[in-house]
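First the structure, in the form of structure tokens, and then the observations on it.
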């Protein structure tokens, strides 16, 4: 069996739609339906991918009880079996405790972002909740952000330097992201798992 990185080739749609133009809504809804029926304890991976809260994601997925009953009647293996035997190389986020946008208490309209492609230096950017703004907080307190940052009591601390990642408001010049001695600024992450 060959596992392809993306089993969904495309959503085919008409040029003129007699219904909602927002195909993203239907794609999210379908992804959440698949997760609820097939992914068992791993369904939250889909919520992370779409940066949606686990509780009340704001998308009605409808009734999936028939799909779950079909899975049960066919005696399908669980998702853990699939990961162990079919796709063991799938990246797993088992030690993730939180995910989503990271906001600082001194600059709530901007989020920590990946920055330009050349060097991915962290920047502040208006919050949009996609791609490079979605962060993972792991049980070990590591972020997928840049080398060796940690989160302690809401501060992002570089243990190697003892300095914190903070923001500084420069008035008309904007808001800068800086590493400095910790002043008590706090960062919050949007969604918690455990």
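Residue numbers (the working numbering): 14 to 207. All residues carry an ideal CB built from backbone N, CA and C; glycine is no exception.
Assigned exposure category for residue 82 - 16 Cβ within 10 Å defines buried: Counting from 1 along the chain shown, the entry for residue 82 is found at position 69. Classification of residue 82: exposed, given that the 10 Å Cβ count is below 16.
In terms of residue numbering, what span does the beta strand (DSSP E) encompassing residue 95 cover? What you label residue 95 is simply residue 82 of the chain shown in a count that begins at 1. Looking at the DSSP string, residue 95 is not in any beta strand (DSSP E); the run it does join, the alpha helix (DSSP H), is 92-98.
I'd like to know whether the C-beta atoms of residue 174 and residue 190 end up nearer to each other than 8 Å. Working through the chain shown from its first residue, we reach residue 174 at position 161. Working through the chain shown from its first residue, we reach residue 190 at position 177. No, Cβ-Cβ distance for residue 174 and residue 190 is not below 8 Å.
Just how far apart, CA to CA, sit residue 131 and residue 141? Position 118 of the chain shown holds residue 131. Position 128 of the chain shown holds residue 141. Rounded to whole angstroms, residue 131 to residue 141 spans 21 Å at the Cα level.
Would you mind reading off the limits of the alpha helix (DSSP H) that contains residue 79? Position 66 of the chain shown, counted from the first residue, corresponds to residue 79. Per DSSP, residue 79 belongs to the alpha helix (DSSP H) from 78-86.
Pull up the CB-CB distance for residue 51 and residue 84, whole angstroms please, since I reckon it's below 8 Å. Translated into positions along the chain shown, residue 51 becomes position 38. Translated into positions along the chain shown, residue 84 becomes position 71. About 7 Å separates the two Cβ atoms, so the contact holds.
Using only alpha-carbon positions, find the residue among 183, 194, 182 and 119 that is nearest to residue 172. On the chain shown, position 159 is the one that residue 172 refers to. Per the Cα distances, 194.
Rounded C-alpha distance that separates residue 169 from residue 177: Taking the first residue of the chain shown as 1, we reach residue 169 at position 156. Taking the first residue of the chain shown as 1, we reach residue 177 at position 164. Distance between the alpha carbons of residue 169 and residue 177 is about 5 Å.
Measure the alpha-carbon distance for residue 62 versus residue 107 and round it to whole angstroms. The residue given as residue 62 occupies position 49 in the chain shown. The residue given as residue 107 occupies position 94 in the chain shown. Near 14 Å, if we compare the C-alpha coordinates of residue 107 and residue 62.
How far does the beta strand (DSSP E) with residue 106 in it extend, from its first residue to its last? Sequence index remark: in the chain shown, residue 106 carries index 93 (1-based). No beta strand (DSSP E) contains residue 106, which DSSP labels as neither H nor E.
Does the beta-carbon of residue 183 have 16 or more other beta-carbons within 10 angstroms, so that it is buried, or is it exposed? Your numbering for residue 183 matches position 170 in the chain shown. Exposed, because fewer than 16 other Cβ atoms sit within 10 Å of the Cβ of residue 183.
Using a 10 Å radius around the Cβ and a threshold of 16 neighbouring Cβ atoms, would you call residue 200 buried or exposed? Stepping through the chain shown from its first residue, residue 200 is reached at position 187. So residue 200 counts as buried.
Measuring straight from C-alpha to C-alpha, what distance separates residue 37 and residue 59? As a first step, residue 37 is located in the chain shown; it is residue number 24 there, counting from the start. As a first step, residue 59 is located in the chain shown; it is residue number 46 there, counting from the start. Their Cα atoms are separated by approximately 14 Å.
For residue 51, three-class secondary structure by DSSP: The residue given as residue 51 occupies position 38 in the chain shown. Looking at residue 51 - three-state DSSP - the assignment turns out to be helix.
May I have the straight-line CA-CA distance separating residue 124 from residue 180, to the nearest angstrom? Position 111 of the chain shown, counting from 1, holds the residue named residue 124. Position 167 of the chain shown, counting from 1, holds the residue named residue 180. Each residue's alpha carbon lies about 11 Å from the other.
Does the region 72-80 come close enough to the region 41-57 that 3 or more CB-CB pairs lie under 8 Å? yes
Where the beta strand (DSSP E) through residue 168 begins and ends: Translated into the one-based positions of the chain shown, residue 168 becomes position 155. Here the beta strand (DSSP E) through residue 168 covers 168-171.
Residue 100: buried (16+ other C-beta within 10 angstroms of its C-beta) or exposed? Counting from 1 along the chain shown, the entry for residue 100 is found at position 87. So residue 100 counts as exposed.
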